[in-house]
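For reference, the structure is listed below as structure tokens.
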Amino acid sequence: MIPLSYYLMLSAVLFAIGMGGVLLRRNAVAILLSVEIMLNSANLNLVAFSRYVAPHEASGQIFALFVMAVAAAEVAVGLALILMIYRNLQSVNLDQFNIFKW
Amino acid sequence: MGDTVSLVIFFALAAMAVASAIMVVTGRNLFHAAMFLGAHLLSIAGFYFLLNAELVGILQVFVYVGGVVVVVLFGIMLTAQITNVRLTSAMEQRWVTVVSLIGLVGLLAFVVRDTVFRISEMAPVEDTTSFIGRLFMTDYILPFEVISILLLAALIGAVVIAREEGGK
Chain A
590 MIPLSYYLML SAVLFAIGMG GVLLRRNAVA ILLSVEIMLN SANLNLVAFS RYVAPHEASG
650 QIFALFVMAV AAAEVAVGLA LILMIYRNLQ SVNLDQFNIF KW
Chain B
11 MGDTVSLVIF FALAAMAVAS AIMVVTGRNL FHAAMFLGAH LLSIAGFYFL LNAELVGILQ
71 VFVYVGGVVV VVLFGIMLTA QITNVRLTSA MEQRWVTVVS LIGLVGLLAF VVRDTVFRIS
131 EMAPVEDTTS FIGRLFMTDY ILPFEVISIL LLAALIGAVV IAREEGGK
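Residue numbers (this note's numbering), protein chains in the order written: chain A, 590 to 691; chain B, 11 to 178.
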């Protein structure tokens with residue numbers, strides 16, 4: 590069987606890639622895509638632990654399904670916010686969205 | 011399934027997942043980035059099948075590749091800045107970010123190496139779909155209802171936020 594640590598390392602790398610996208614991109618939609626990568630790496634961890642640590646319970650899979658539902662809601666609300674920002678500023682670059690700055 | 015076969019599948023899927031994730035994060039064309047996100051999500055679904063989580067894998071394909079990617083494509087087209095997105099922030103910020111991310115991965119590798127996980131030798135659940143369905147209706151009934159209310163609230167909230175101001 591594939592060692593559990595392989596899955597953990599893979600999802601750590603994917604999480605880091607997604608986080609790099611969140612920190613470095615300007616475009617709000619690109620940041621949303623990177624957040625999806627991060628959520629998926631967490632999901633991969635949950636399912637891998639479910640398979641290796643408690644394979645007869647499947648509770649990790651249920652957690653992964655909840656995360657998926659929340660991620661879908663997050664995309665819907667996030668894109669609505671991005672559309673709103675675009676309508677007001679004609680841009681989705683977050684460095685131009687600084688009206689909350691004091 | 012033999013060990014070698016599953017290892018080969020694992021590494022093929024891992025290469026696909028990492029490569030497509032990098033393409034999503036670094037690509038200049040947002041439309042292409044969304045397509046690569048679809049490929050990334052499909053490879054993650056492959057891992058779920060490898061881990062005997064068929065229901066999660068199928069739902070990954072339905073919800074993410076079928077739903078989320080399409081919604082994101084709508085968002086990209088509606089905001090109309092498809093090509094030539096200026097990629098990143100200032101250079102110094104980029105280097106700090108890359109160094110700290112490498113540090114994060116190194117720290118996690120250290121933790122994973124030194125932790126002893128209690129690997130169970132039990133056989134996985136045979137029929138995950140009916141098993142999880144039963145759990146949703148018994149032990150996890152409250153979270154299940156809460157998540158339905160959350161989804162309803164997100165749906166209404168998205169419509170309210172995205173609506174033209176003043177309404178029609």
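Each residue gets a CB set at the ideal place from its N, CA and C atoms; glycine is no exception. The structure displayed is predicted, hence computed values, not measured ones.
Under the 8 Å criterion on CB atoms, B/Asn-62 is classed as interfacial with respect to chain A. Residues of chain A with a Cβ closer than 8 Å to the Cβ of B/Gly-143 do not exist, since the nearest Cβ in that chain sits about 10 Å away. Counting C-beta pairs with one atom in each stretch, the stretch 667-681 of chain A and the stretch 74-85 of chain B have three or more that are closer than 8 Å, which means they touch. Here B/Arg-104 carries a helix assignment [DSSP, helix/strand/coil]. Residue contact check for B/His-42 against chain A: no CB pair falls below 8 Å. Per the coordinates, the alpha-carbon of A/Glu-646 lies some 21 Å from the alpha-carbon of B/Glu-155. At a beta-carbon threshold of 7 Å, the residues of chain B lying near A/Leu-612 are Thr-107, ordered along the chain. Residue contact check for B/Ile-166 against chain A: no CB pair falls below 8 Å.
In terms of Cα proximity to B/Ala-25, the closest of B/Tyr-58, B/Ser-53, B/Val-80 is B/Ser-53.
For A/Asn-682, the beta-bridge partners assigned by DSSP are A/Asn-616.
B/Ile-68 has its alpha-carbon roughly 24 Å from the corresponding atom of B/Asp-13.
Boundaries of the alpha helix (DSSP H) around B/Val-170: 151-172.
Around the beta carbon of B/Gln-70, 16 or more other beta carbons sit within 10 angstroms, so the residue counts as buried.
Boundaries of the alpha helix (DSSP H) harbouring B/Ser-53: 40-60, taken from the DSSP string.
For the stretch 642-664 of chain A, the set of positions with a beta-carbon nearer than 9 Å to some beta-carbon of chain B reads Val-642, Ala-643, Pro-644, His-645, Glu-646, Ala-647, Ser-648, Gly-649, Gln-650, Ile-651, Ala-653, Leu-654, Phe-655, Met-657, Ala-658, Val-659, Ala-660, Ala-661, Ala-662, Glu-663, Val-664 in chain order. Rounded to the nearest angstrom, the gap between the Cα atoms of B/Ser-110 and A/Leu-599 is 18 Å.
Counted as a single uninterrupted DSSP element, the alpha helix (DSSP H) harbouring B/Ala-25 occupies residues 13-36.
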